[in-house]
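Heads up, the thing below is written out as structure tokens.
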Amino acid sequence: MGKVLIIGAGGVANVVVHKCCQNPEVFEEICIASRTKSKCDGMKALLDGGKTKITTAQIDADDTEALIKLIKAYQPDMVINVALPYQDLTIMDACLATGVHYLDTANYEPLDIPKFEYKWQWAYREKFEKAGLTAILGSGFDPGVTGVFSAYAMKHYFDEIHTIDILDANAGDHGYPFATNFNPEINIREITAKGRYWEQGEWVETEPLEIKRVYNFPQIGDKDMYLLYHEELESLAQNIKGLKKIRFFMTFSEKYITHLNVLENVGMTSIKPIMYEGMEIQPLQFLKAVLPDPASLGPRTKGKTNIGCIFTGIKDGQPKTYYVYNVCDHEACFAEVGSQAISYTTGVPAMIGAKLLLEGKWKKPGVYNVEEMDPDPFMEELNKQDLPWVEDFNPTLVD
Ligand code: NDP
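Count the sequence shown with our numbering and you get residues 15 to 413, in order.
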């Protein structure tokens, strides 16, 4: 059915590539292109010989002209962008220039300001619409499945949704004193930023990690979780009509927080460049270089993740609550694709979004967040593609 260019060759890309190869009737041909071509070749070597035809290419995705050249030469139907958020706009520009659909898992971020805002990508709406092309933003887990869960709750269970709490728990243990589960730079930028949630049409700001709760997660147990700003809050606050409050919580162990505090106090998490022996370096990028590569955590990580959304609202005049979540096992993910659950829960939804686009079920000209698409085929695919979901109509609420 289709030919796809996958940009990036990290933990998430590895899952996307495996999952595309598990669906060869849709993904007939894929090209894996990234900054370091040897990583693309490594994936090809692992999966070659199946029904999906795999090629690889070297690309600097910061370079729009180089991207245009590659897309013109390969002629894909769409691009799956699983490089870093810094490359979103150059890749969208290249897609527009070549008439190719686009999908990513994280919103654009300029290198110098960690803002996590959609405004830069939403500004492309008219251009994609006019070109008759679809751009799907944030088709990972969070953002991604959390938006699909919200659209599904709205479509099937509520007349009005009043509150959404997104709960992201990772009970995985990799045995290192400190490591991040995905790109350390992006992860630490997210956590050290001020917290923010949306209530009654206004953003309420908190100090970083100021709001802490303990929640008893199904299949995991009690975990400390902290209120963070997360990018899907911005789009869901706009797209779920009548919403009064939306928050995002992520779990971190005491050990993780202690390490992070020390690193922050000594200046290692700063993104402000400093001079070191005549060279300009960014402390956070240097920290990334000395921390374990997230891709290397796979074989060592045991335990589960649980990510889901708790909704409250009204149905037929009656108050209603609904919790929908997925539980994913790190070791099972590693056994299947050679990546831990954080990459797995991001890569599978990216493949599903691309599959639905290629099948025409999620194809409409413009730039869309996932909650603006029909959630039903996506929910069906989650069960088929090994990210099954569980429903609870009487969950414990977060105060
Ligand atoms: P990694 O750091 O493991 O991989 C990123 C890949 O992108 C690397 O292969 C890297 O190349 C490549 N890359 C970086 N810059 C360029 C460039 N200029 N040109 C070409 N390739 C480049 O990250 P992950 O796989 O963990 O994450 C991928 C994306 O997924 C990120 O945007 C992240 O924010 C997002 N994400 C989304 C989640 C969600 O639920 N929505 C959750 C987790 C992640 P090289 O190998 O040379 O370094």
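Each residue gets a CB set at the ideal place from its N, CA and C atoms; glycine is no exception.
Return yes when the C-beta of residue i is under 8 Å from any heavy atom of ligand 1, and no when it is not.
{"i": "K53", "result": "yes"}
{"i": "Y339", "result": "no"}
{"i": "V162", "result": "no"}
{"i": "L396", "result": "no"}
{"i": "Y336", "result": "no"}
{"i": "L277", "result": "no"}
{"i": "A352", "result": "Note on residue identity: the sequence assigns Gly, not Ala, to residue 352. Result no, Cβ not under 8 Å from ligand 1."}
{"i": "A193", "result": "no"}
{"i": "N197", "result": "yes"}
{"i": "A183", "result": "no"}
{"i": "L98", "result": "yes"}
{"i": "R49", "result": "yes"}
{"i": "Q299", "result": "no"}
{"i": "Q101", "result": "yes"}
{"i": "S357", "result": "yes"}
{"i": "G158", "result": "yes"}
{"i": "A23", "result": "yes"}
{"i": "I200", "result": "yes"}
{"i": "D76", "result": "yes"}
Just the C-alpha distance for residue i and residue j, rounded to the nearest angstrom, thanks.
{"i": "L277", "j": "A207", "result": "14 Å"}
{"i": "A193", "j": "P308", "result": "8 Å"}
{"i": "L61", "j": "V30", "result": "12 Å"}
{"i": "D74", "j": "G24", "result": "14 Å"}
{"i": "K294", "j": "D126", "result": "Sequence inspection shows Glu at residue 294; the Lys mentioned does not correspond to that position. Roughly 14 Å separates the two Cα atoms."}
{"i": "D386", "j": "I288", "result": "Looking at the sequence shown, residue 386 is not Asp but Glu. Distance between the alpha carbons of E386 and I288 is about 42 Å."}
{"i": "P391", "j": "G158", "result": "14 Å"}
{"i": "E204", "j": "N197", "result": "11 Å"}
{"i": "N408", "j": "I234", "result": "18 Å"}
{"i": "G322", "j": "D77", "result": "36 Å"}
{"i": "Q296", "j": "Y336", "result": "44 Å"}
{"i": "N253", "j": "N397", "result": "25 Å"}
{"i": "I366", "j": "I20", "result": "14 Å"}
{"i": "P191", "j": "L274", "result": "11 Å"}
{"i": "G22", "j": "W376", "result": "23 Å"}
{"i": "F130", "j": "D55", "result": "32 Å"}
{"i": "K51", "j": "G113", "result": "25 Å"}
{"i": "E394", "j": "K144", "result": "31 Å"}
{"i": "H32", "j": "A364", "result": "12 Å"}
{"i": "A165", "j": "P389", "result": "6 Å"}
For residue i, which residues from the same chain have a beta carbon less than 8 Å from its beta carbon, with the 5 sequence-adjacent residues on both sides left out?
{"i": "K329", "result": "Y171, F172, D173"}
{"i": "V18", "result": "C34, F41, E43, I44, C45, P90, D91, M92, V93, I94, A368, L372"}
{"i": "P232", "result": "N320, Y339, V341, V404, D406"}
{"i": "Q214", "result": "K258, K259"}
{"i": "P38", "result": "G64, K65, T66"}
{"i": "E268", "result": "D238"}
{"i": "V228", "result": "D236, K237, D238, M239"}
{"i": "H176", "result": "G256, L257, K258, K259, T326, G327, I328"}
{"i": "S153", "result": "L117, D118, T119, P363, A364, I366, G367, A368, V384"}
Could you name the residues of the same chain whose beta carbon sits closer than 7 Å to that of residue i, not counting the 5 residues immediately before and after it, in chain order?
{"i": "H188", "result": "L311, R314, T315"}
{"i": "K378", "result": "T148"}
{"i": "C347", "result": "S353, Q354, A355, Y358"}
{"i": "E199", "result": "L298, Q299, K302"}
{"i": "G317", "result": "A185, G186, D187, H344"}
Beta-carbon within less than 6 Å of residue i's beta-carbon, same chain only, minus the 5 sequence neighbours each way: which residues are those?
{"i": "Y116", "result": "V93, M106, C109, A149"}
{"i": "K67", "result": "E43"}
{"i": "G244", "result": "The residue asked about is misnamed: residue 244 is His in this sequence, not Gly. So the list reads F262, once near-sequence residues are dropped."}
{"i": "E248", "result": "Y132"}
{"i": "R210", "result": "W217, E219, Y243"}
{"i": "L370", "result": "W376, P391"}
{"i": "Y290", "result": "none"}
Around the C-beta of residue i, are 16 or more other C-beta atoms found within 10 angstroms, so that it is buried, or is it exposed?
{"i": "V304", "result": "exposed"}
{"i": "P333", "result": "exposed"}
{"i": "G186", "result": "buried"}
{"i": "A59", "result": "exposed"}
{"i": "V362", "result": "buried"}
{"i": "Q299", "result": "exposed"}
{"i": "E8", "result": "Beyond the ends of the chain as shown, which are 15 and 413, falls residue 8; an answer cannot be given."}
{"i": "E221", "result": "exposed"}
{"i": "V280", "result": "exposed"}
{"i": "A167", "result": "buried"}
{"i": "A87", "result": "exposed"}
{"i": "G146", "result": "exposed"}
{"i": "G331", "result": "exposed"}
{"i": "G374", "result": "exposed"}
Report back the beta-carbon spacing between residue i and residue j to the nearest angstrom; my notes put them in contact at under 8 Å.
{"i": "D179", "j": "V412", "result": "5 Å"}
{"i": "T119", "j": "V26", "result": "7 Å"}
{"i": "I202", "j": "T283", "result": "5 Å"}
{"i": "Y138", "j": "N121", "result": "Wrong, their Cβ atoms sit about 12 Å apart, outside the cutoff."}
{"i": "V381", "j": "W134", "result": "So it is not a contact: roughly 11 Å between Cβ atoms."}
{"i": "I225", "j": "L250", "result": "Not a contact, Cβ separation roughly 19 Å."}
{"i": "T272", "j": "A183", "result": "T272 to A183, Cβ: 19 Å. No contact."}
{"i": "N383", "j": "L103", "result": "Not confirmed; about 16 Å, so no contact."}
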